Amino acid sequence: RSCVPRGRGPTRIDPATRVFQALRIAVNDELGALEAALNRMPDVLVPGGRLGVITFHSLEDRLVKCAFRDDPRWQVLTRRPVRPSEEEVSRNPRARSAKFRVAARAANE
608 RSCVPRGRGP TRIDPATRVF QALRIAVNDE LGALEAALNR MPDVLVPGGR LGVITFHSLE
668 DRLVKCAFRD DPRWQVLTRR PVRPSEEEVS RNPRARSAKF RVAARAANE
């Protein structure tokens, strides 16, 4: 904790939280699993079928955003991610970093 300063602002997240999150993501290959799922989903969904993804980390969000944007089999339905309201965050602080993105499988694919 002495090597990494605490976050700023009212939340002041403990530095150990970020370290353990990074370890968990690496050990469980969470980004690889997410990427594999995003690549497979257009084949699983019927044309017009929708996929909603909630991310809690910027690396996850970037994967989802790029997959939806770069794959012609997706039609992005949420131009910007849906974020929790201040009321939601006050009731559920863990929602503060959540982002929700939705895309539909393109009908012509």
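When we follow our numbering, the leftmost residue of the sequence shown carries the number 608, and every step to the right adds one.
Think of the CB as a built atom: it goes at the ideal place given N, C-alpha and C, for glycine as much as any other residue.
Computed from a prediction, not measured in an experiment: that's the story for all the values here.
Under 6 Å Cβ to Cβ from residue i, same chain only, skipping five residues before and after it: list those, please.
{"i": "residue 668", "result": "662, 706"}
{"i": "residue 708", "result": "660, 671, 685, 688"}
From the DSSP output, which residues share a beta bridge with residue i?
{"i": "residue 672", "result": "Answer by DSSP bridge pairing: none, since residue 672 is not bridged."}
{"i": "residue 709", "result": "659"}
{"i": "residue 717", "result": "This structure leaves residue 717 out entirely; the chain is present only between 608 and 716."}
{"i": "residue 689", "result": "707"}
{"i": "residue 683", "result": "710"}
With DSSP collapsed to three states, give me the class of residue i.
{"i": "residue 653", "result": "coil"}
Among the options, whose alpha-carbon lies nearest the alpha-carbon of residue i?
{"i": "residue 714", "options": "680, 623, 688", "result": "680"}
{"i": "residue 685", "options": "697, 672, 678", "result": "672"}
{"i": "residue 678", "options": "698, 664, 649, 701", "result": "649"}
{"i": "residue 664", "options": "629, 700, 623", "result": "629"}
Taking Cβ to Cβ, would you say residue i is nearer than 8 Å to residue j?
{"i": "residue 712", "j": "residue 655", "result": "yes"}
{"i": "residue 710", "j": "residue 638", "result": "no"}
{"i": "residue 695", "j": "residue 702", "result": "yes"}
Apart from the five residues just before and just after residue i, which ones in its own chain have a Cβ nearer than 7 Å to its Cβ?
{"i": "residue 642", "result": "670"}
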